[in-house]
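Chains as they are written, first to last, in this note's numbering: chain A, 117 to 497; chain B, 19 to 313.
Encoded as structure tokens, the structure appears first; notes follow it.
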Amino acid sequence: MKRMVRVGTVMLSLVAAAGPLWAAPAEPAYPKEIGKGEGALNIVAWEGYAQDDWVKPFEAETGCQVNKKYAGSSDEMVALMRSGGGGEYDLVSASGDATLRLIYGGDVQPIDTRFIPDFADFVEDLKAPPHNSLKGVHYGLSYEWGPNVLLWNTAKLKAAPTSWSALYDPAYKGLVSVPDNPIQIADAALYLSKTKPDLGITDPYELTPAQLDAAAALLKGQQPLVKKYWALASDQVELFKNGDSVIGAAWPYMTNTLKDAGTPVADTVPTEGATGWADSWMLSSKTSHPNCAYKFMAYVSTPKVQAQQAIYFGETPVNTKACAPMDAQQAGSCAKYHLDDAATYLKSIRFWKTPLQQCADGSKTCTSYTDWQQKWQEIKG
Amino acid sequence: MSSITLPRRLSTALWRAPRLALAATLLPPLAWFLLIYLAALAVLFIAAFWSVDAFTGEIDRTWTLENFARIVQSPIYRAIALRTIGMAAAVTVTDALIAFPFAFFMARVAGPTLRVTLFTLVLLPLWSSYLARVYAWRLILAHDGALNWALNGVGLPSLEIGYSRWAMWIVFSYIWLPFMITPLFAALERIPQSLLEASGDLGARGWRTLVRVILPLSLPGLVAGSIFTFSLTLGDYITPVLVGGPGSDFIGNVVYANVGIANNVPFAAAYASVPLVVMMLYLALAKRIGAFESM
Numbered sequence: 117m118k119r120m121v122r123v124g125t126v127m128l129s130l131v132a133a134a135g136p137l138w139a140a141p142a143e144p145a146y147p148k149e150i151g152k153g154e155g156a157l158n159i160v161a162w163e164g165y166a167q168d169d170w171v172k173p174f175e176a177e178t179g180c181q182v183n184k185k186y187a188g189s190s191d192e193m194v195a196l197m198r199s200g201g202g203g204e205y206d207l208v209s210a211s212g213d214a215t216l217r218l219i220y221g222g223d224v225q226p227i228d229t230r231f232i233p234d235f236a237d238f239v240e241d242l243k244a245p246p247h248n249s250l251k252g253v254h255y256g257l258s259y260e261w262g263p264n265v266l267l268w269n270t271a272k273l274k275a276a277p278t279s280w281s282a283l284y285d286p287a288y289k290g291l292v293s294v295p296d297n298p299i300q301i302a303d304a305a306l307y308l309s310k311t312k313p314d315l316g317i318t319d320p321y322e323l324t325p326a327q328l329d330a331a332a333a334l335l336k337g338q339q340p341l342v343k344k345y346w347a348l349a350s351d352q353v354e355l356f357k358n359g360d361s362v363i364g365a366a367w368p369y370m371t372n373t374l375k376d377a378g379t380p381v382a383d384t385v386p387t388e389g390a391t392g393w394a395d396s397w398m399l400s401s402k403t404s405h406p407n408c409a410y411k412f413m414a415y416v417s418t419p420k421v422q423a424q425q426a427i428y429f430g431e432t433p434v435n436t437k438a439c440a441p442m443d444a445q446q447a448g449s450c451a452k453y454h455l456d457d458a459a460t461y462l463k464s465i466r467f468w469k470t471p472l473q474q475c476a477d478g479s480k481t482c483t484s485y486t487d488w489q490q491k492w493q494e495i496k497g
Numbered sequence: 019m020s021s022i023t024l025p026r027r028l029s030t031a032l033w034r035a036p037r038l039a040l041a042a043t044l045l046p047p048l049a050w051f052l053l054i055y056l057a058a059l060a061v062l063f064i065a066a067f068w069s070v071d072a073f074t075g076e077i078d079r080t081w082t083l084e085n086f087a088r089i090v091q092s093p094i095y096r097a098i099a100l101r102t103i104g105m106a107a108a109v110t111v112t113d114a115l116i117a118f119p120f121a122f123f124m125a126r127v128a129g130p131t132l133r134v135t136l137f138t139l140v141l142l143p144l145w146s147s148y149l150a151r152v153y154a155w156r157l158i159l160a161h162d163g164a165l166n167w168a169l170n171g172v173g174l175p176s177l178e179i180g181y182s183r184w185a186m187w188i189v190f191s192y193i194w195l196p197f198m199i200t201p202l203f204a205a206l207e208r209i210p211q212s213l214l215e216a217s218g219d220l221g222a223r224g225w226r227t228l229v230r231v232i233l234p235l236s237l238p239g240l241v242a243g244s245i246f247t248f249s250l251t252l253g254d255y256i257t258p259v260l261v262g263g264p265g266s267d268f269i270g271n272v273v274y275a276n277v278g279i280a281n282n283v284p285f286a287a288a289y290a291s292v293p294l295v296v297m298m299l300y301l302a303l304a305k306r307i308g309a310f311e312s313m
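In structure tokens, the structure reads:
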């Protein structure tokens, strides 16, 4: 039975993978104006990204019925946006490690920010970041963002760690927890870019084969220290609760959850800086509800919705005007999520993006995500 | 003539042509089997000879043996295949050792009431969710879990076996045990009492009767049970994720990662054919031993 299920999954994925035949970014096809809603909108989103708190008022206001499909990973999002030849879903809340795959796969089309009134108030660096825009053309509309942090148990660790080196320290053998995700290689690369400058790593997502090997060697040395490569946020929460892990790579979400549960933890963005996620709404190149999609993107960019989203998920909004509604909803939350010093905070984060064979300078000497995935398998054994 | 109804005429026609009747009965299940099961396997095998464009993630339908070459040449994929098969074998042996005395007691010693009670207890865990049981073990084996609490309570040091291959071995052995006990019980129950008496009359003591009479006669049941425990462990990928530590990935996890994360369906298909081949060999061996006669 299990084998049958697996075969079925493979077959479904085959259907999903047989998507568009072209392999180039879609050309702009901007609407002249945003007309009346089509009555429906199909979105693919992270769980917690389309809560009734803010989706219900949108439906009442525009008459666009929102049908949401939650995805558990960036890769699932890519597969869903390509399923049925594309066009089954209108919008996706893609993280930076999925955006380029969607753009180069021709699955998403450019967005005209003329129709997003709040765009002017967006954090400057996230208006046209390289992970969702090509040559100033917006294939994605930035939404919310946050850092991957160093999390530790304050009762078990005497001194607060300030460097990612803690995750490679034999003193914590069997007590480390890190995400089971190939993009974790970027964390090692970021650390190496600061500690071994002679490797010449400038961008942790653009690694030559030699640099990838160096990062993999560091992570292979970490493997014996790891208690668990966690797959779900709740896994790591449990590891910390039960004392199986006392230090690890995490998200602010885990810190909030553990503190609420009474586990003494703290987190920090270490001195080397951190990787992080920046999510964007992207519009399917075959959307059948463009008016509702534009109305939705404009709506979720407003300060109030951005604030609701940020506090619900534990992340930072892209709209700088969201500070006041955040503090109104939860005192001090604007400072807690660093929206008051967004420009500086942002500089300390290297956002997830898809590793490509083609480096930023155009040469094809970098390693692709497929290479990373194979290396990751070798690392975790 | 015209007074004869259609169903009646159909029934007469089928009576005259028994082959037609047979075909009509067998066609629906056969079509289901061919279409859903074998066709899926065929697609799997064909996909294993394709590749994926690294840049766009599109499938390239040119025949290539590259995927299989990678599996054979890469030490990590060999290690994962061997780990999976080794764990499946270890779990099978463990379950056989636990299940044999238990099934023997149920079949030959226990009275009717006790037998029904034991049977219910064996099957009871199957009524709860697989996931719930694995999660329960995760809590038992955790650092601050029930096991260490009990060990510390009687003055013993803590065992750090949560999130390790030991944890996987314990959980697999527990989860698949009912699938070993049930066929073994059926085989042991079928052994005629007279054979055991004859063995005793001919001077064989208990141990000799066990080795020379009971074990050979229960072997088909043992092999049938081992097919379940071996194949269920071989195809699992949830337990390694939940209770495994570093270096615990199974074949199924690699398949899952390549379909869901790397979007490399052809490689996943190639790797998924490894357990398929292993199971075919295992079943061929089991058939030789005669395990299918008692299933």
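Glycine is no exception: its CB is placed at the ideal position from the N, C-alpha and C atoms.
Query: Which same chain residues, not among the five before or five after residue 298(A), have their C-beta less than 8 Å away from its C-beta?; Result: 485, 488, 489, 491, 492
Query: Leaving aside the five residues before and after residue 68(B) along the sequence, list all residues of the same chain whose C-beta is less than 6 Å from its C-beta, in chain order.; Result: 77, 79, 284
Query: If we ignore side chains and look at the alpha-carbon of each, how far apart do residue 318(A) and residue 168(B) end up?; Result: 52 Å
Query: Start and end of the alpha helix (DSSP H) containing residue 487(A)?; Result: 485-496
Query: For residue 94(B), decide whether its Cβ has a neighbour in chain A, counting only Cβ atoms nearer than 9 Å.; Result: yes
Query: Counting only C-beta atoms, is residue 173(A) closer than 9 Å to chain B at any point?; Result: no
Query: Quick one: what's got a C-beta closer than 6 Å to residue 244(B)'s C-beta in the same chain, skipping five residues either side?; Result: 110
Query: Might you give, ordered along the chain, the residues of its own chain that have their beta carbon closer than 6 Å to the beta carbon of residue 195(B), omitting 5 neighbours on each side?; Result: 113
Query: On the three-state DSSP scale, how would you describe residue 272(A)?; Result: coil
Query: Closest to residue 429(A) by CA distance: which of 411(A), 223(A), 263(A) is it?; Result: 263(A)
Query: Check this for me: beta carbons of residue 91(A) and residue 396(A), under 9 Å apart or not?; Result: Absent from the structure is residue 91(A), since the part of chain A shown begins at 117 and ends at 497.
Query: Using a Cβ-Cβ cutoff of less than 6 Å, which residues in the same chain neighbour residue 137(A) once the five nearest sequence positions on both sides are dropped?; Result: With a pLDDT of only 39 at residue 137(A), under 50, the local geometry of the prediction cannot be trusted, and the value read off the model is given with reservation. Counting only Cβ-Cβ distances below 6 Å, and skipping sequence neighbours, we find nothing.
Query: Quick one: what's got a C-beta closer than 6 Å to residue 294(B)'s C-beta in the same chain, skipping five residues either side?; Result: none
Query: Mind checking which residues open and close the beta strand (DSSP E) that includes residue 343(A)?; Result: 342-346
Query: Identify each residue in the segment 338-357 of chain A for which the Cβ-Cβ distance to at least one residue of chain B is less than 7 Å, and report them in chain order.; Result: 339, 342, 343, 344, 345, 347
Query: Using the Cα positions of residue 235(A) and residue 351(A), report the straight-line distance between them to the nearest angstrom.; Result: 37 Å
Query: Going by other Cβ atoms of all chains shown within 10 Å of its Cβ, with 16 needed for buried, is residue 101(B) buried or exposed?; Result: buried
Query: Find the nearest neighbour of residue 377(A) within the set 366(A), 358(A), 386(A), judged by alpha-carbon distance.; Result: 358(A)
Query: Can you tell me whether residue 467(A) is helix, strand or coil according to DSSP?; Result: strand
Query: By Cβ distance below 7 Å, which residues in the same chain neighbour residue 411(A) in space, the five residues on each side in sequence not counted?; Result: 150, 153, 178, 180
Query: Quick check on residue 413(A): buried or exposed, where buried means 16 or more other Cβ atoms within 10 Å of its Cβ?; Result: buried
Query: Report the start-end ranges of each alpha helix (DSSP H) in the segment 363-431 of chain A that is 4 residues or longer and not cut off at the edges.; Result: 368-376, 406-416, 419-429
Query: When we look at the beta-carbon of residue 402(A) and count the other beta-carbons within 10 Å, is it buried (16 or more) or exposed?; Result: buried
Query: Cβ of residue 260(A) less than 9 Å from any chain B Cβ?; Result: no
Query: Quick one: is residue 195(A) near chain B, going by C-beta distance under 9 Å?; Result: yes
Query: Would the segment 179-197 of chain B count as touching the segment 247-254 of chain B if we require 3 or more Cβ pairs under 8 Å?; Result: yes
Query: What is the rounded straight-line gap between the Cα of residue 415(A) and the Cα of residue 250(A)?; Result: 24 Å
Query: Give the list of continuous beta strand (DSSP E) stretches no shorter than 3 residues that lie fully inside the segment 252-302 of chain A.; Result: 256-263, 265-269, 292-295
Query: Quick one: measure Cβ to Cβ for residue 453(A) and residue 431(A), integer angstroms, because I've assumed they're closer than 8 Å.; Result: 7 Å
Query: Determine contact between the segment 334-352 of chain A and the segment 285-303 of chain A, defined as no fewer than three beta-carbon pairs at a distance below 8 Å.; Result: yes
Query: Which one or two residues does DSSP pair with residue 78(B) in a beta bridge?; Result: 69(B)
Query: Using the beta-carbon count (16 or more within 10 Å), is residue 134(B) buried or exposed?; Result: exposed
Query: Shorter than 9 Å from the beta carbon of residue 494(A) to some beta carbon of chain B?; Result: yes
Query: Measuring alpha carbon to alpha carbon, tell me which of 302(A), 167(A), 333(A), 219(A) ends up nearest residue 246(A).; Result: 219(A)
Query: Compare the C-alpha of residue 276(A) against each of 328(A), 418(A), 386(A), 227(A) and name the closest.; Result: 386(A)
Query: Just checking, does the segment 214-227 of chain B make contact with the segment 127-146 of chain B on the three C-beta pairs under 8 Å criterion?; Result: no
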